[in-house]
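Q:
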Amino acid sequence: MALRRSKKKLPAREDKMMKEKSKIEEGVFDRAVFMIFYGLLNKGIISSLDYPIATGKESDVYRATSGKRFEDQSQYMAAKIFRIETANFIHMQDYLFADPRFSHVRRTKREVIYAWCQKEFRNLQICAQANVPAPKPFFFSKSVLLMEFIGEEGIPDSTLKAVGSEDPEKDCETILGYIRRLYRAGLVHADLSEFNILMHGYPNPVPYLIDCGQGVVLGHPKAKEFLERDIRNVLRYFKHYGVKRDATEILEWVKK
Ligand SMILES: Nc1ncnc2c1ncn2[C@@H]1O[C@H](COP(=O)(O)OP(=O)(O)OP(=O)(O)O)[C@@H](O)[C@H]1O
Ligand SMILES: [Mg+2]
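For the sequence shown, my numbering begins at 6 and goes up steadily by one.
Set out below in structure tokens:
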């Protein structure tokens with residue numbers, strides 16, 4: 006399955022693209038999403054949409070090949086497509102409206118999903134500024150986010166949950182360090198766990214934070230609660246490897 010820009014200018018390009026649509030899973034590619042990709046292809050942001058990396062209830066992540074505008078930055082991108090119909094709209098509101106950056110967003114399902122996509126983009130920008138390994142954000146349009154593809158030779162990396170840690174003391178320390186750097190940059194990830202960390206590079210894999218859409222700025226009333234939860238999730242995971250760290254001490258250290 007590939008959605009690829011035709012080199013020739015066809016008379017009914019849109020029709021041709023609509024036929025391509027039928028090759029791609031129903032549901033993710035409704036007409037609105039299809040038109041977003043049509044625009045991304047035409048603007049030279051991507052040159053093809055290659056294959057699904059992960060499909061979920063709330064979003065689908067595809068590998069895309071970069072277009073002319075981005076090919077000097079990276080060969081591939083990850084395209085995250087937020088589903089409008091099946092997204093957990095109620096859950097999202099808790100993380101969105103109380104974040105001062107998004108308090109003005111209109112409370113329709115579509116507007117909430119678009120804001121969520123923008124929120125993940127902006128949170129990834131903060132990760133980059135804070136020097137925390139996470140996909141570089143490239144572009145977003147409505148419900149589609151394009152970011153750096155974390156993988157090797159076109160193959161996506163696996164999560165910490167899937168591959169485990171070869172050096173648990175070090176990986177735990179590294180991830181806690183990311184939490185601290187992000188906190189100092191004014192952000193809490195708020196969904197941190199072994200499921201949202203990719204292990205990148207061989208033979209010494211480096212943890213990369215992904216799935217940053219839930220992240221909130223410190224002005225959010227639950228920022229402290231989310232910070233504590235992130236720390237506890239990380240410590241819970243590494244405890245299985247025998248890593249012993251005290252959550253209260255870590256919390257003090259992060260906030261210092
Ligand atoms: N930048 C990326 N590069 C490579 N793979 C990625 C990237 N971003 C996400 N993925 C893959 O897609 C999966 C889902 O991404 P993500 O966690 O951001 O979405 P999600 O909607 O929260 O999904 P889930 O509900 O499974 O957590 C990840 O577990 C990972 O395998
Ligand atoms: Mg996830």
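Don't be surprised by glycine CBs; every beta carbon is placed ideally from N, CA and C.
Because the structure is a prediction, the values reported are computed rather than measured.
1. Any idea what DSSP makes of residue 188, helix, strand or coil?
2. Please tell me whether residue 146 and residue 49 are closer than 9 Å, where the distance is taken between their beta carbons.
3. So what does residue 156 bridge to, in DSSP terms?
4. Nearest-angstrom Cα distance between residue 122 and residue 150?
5. Could you give the distance in angstroms between the alpha-carbon of residue 47 and the alpha-carbon of residue 85?
6. What does the Cβ neighbour count give for residue 216, buried or exposed, with the cut at 16 atoms within 10 Å?
7. Cβ of residue 223 less than 9 Å from any chain B Cβ?
8. Determine which residues share a DSSP beta bridge with residue 213 and list them.
9. Start and end of the beta strand (DSSP E) containing residue 144?
10. Would you call residue 109 buried or exposed, if buried means 16 or more other Cβ atoms sit within 10 Å of its Cβ?
11. If you drop the 5 nearest sequence neighbours on each side, which residues of the same chain put their C-beta closer than 6 Å to that of residue 156?
12. Residue range of the beta strand (DSSP E) that residue 65 falls in?
13. To the nearest whole angstrom, what separates the beta carbons of residue 194 and residue 220, a pair I think is in contact under 8 Å?
14. Looking at C-alpha atoms only, which residue of 142, 181, 119 and 231 is the closest neighbour of residue 37?
A: Walking through what the data contain:
1. On the sequence shown, residue 188 is found 183 positions in, with the first residue counted as 1. If DSSP states are grouped into helix, strand and coil, residue 188 belongs with the helices.
2. For this step, residue 146 is matched to residue 141 along the sequence shown. For this step, residue 49 is matched to residue 44 along the sequence shown. No, they are not a contact pair.
3. Within the sequence shown, residue 156 is the residue found at index 151, counting from 1. Residue 156 pairs with 161.
4. As a first step, residue 122 must be located in the sequence shown, where it is residue number 117. As a first step, residue 150 must be located in the sequence shown, where it is residue number 145. For residue 122 and residue 150, the distance between alpha carbons rounds to 6 Å.
5. Against the sequence shown, residue 47 aligns to sequence position 42. Against the sequence shown, residue 85 aligns to sequence position 80. If you take the alpha carbons of residue 47 and residue 85, they lie about 19 Å apart.
6. Working through the sequence shown from its first residue, we reach residue 216 at position 211. With a threshold of 16 other beta carbon atoms within 10 Å, residue 216 meets it and is buried.
7. Absent here is chain B; the protein component of the structure consists of one chain.
8. Here residue 213 refers to the residue found at position 208 of the sequence shown. Looking at the DSSP output, residue 213 shares a beta bridge with 203.
9. In the sequence shown, residue 144 corresponds to position 139, counting from 1. Element bounds for residue 144: 142-146.
10. To locate residue 109, count along the sequence shown from 1; it is residue 104. It is exposed - the Cβ of residue 109 has fewer than 16 other Cβ atoms within 10 Å.
11. On the sequence shown, position 151 is the one that residue 156 refers to. Setting aside the 5 residues that flank it on each side, residue 156 is surrounded in the same chain by 162, each with a C-beta closer than 6 Å to its C-beta; the list follows chain order.
12. The residue given as residue 65 occupies position 60 in the sequence shown. Unbroken beta strand (DSSP E) run through residue 65: 64-71.
13. Position 189 of the sequence shown, counted from the first residue, corresponds to residue 194. Position 215 of the sequence shown, counted from the first residue, corresponds to residue 220. Contact between residue 194 and residue 220 holds: their C-beta atoms lie close to 5 Å from each other, under 8 Å.
14. As a first step, residue 37 must be located in the sequence shown, where it is residue number 32. Among 142, 181, 119 and 231, the Cα nearest to that of residue 37 is on 119.
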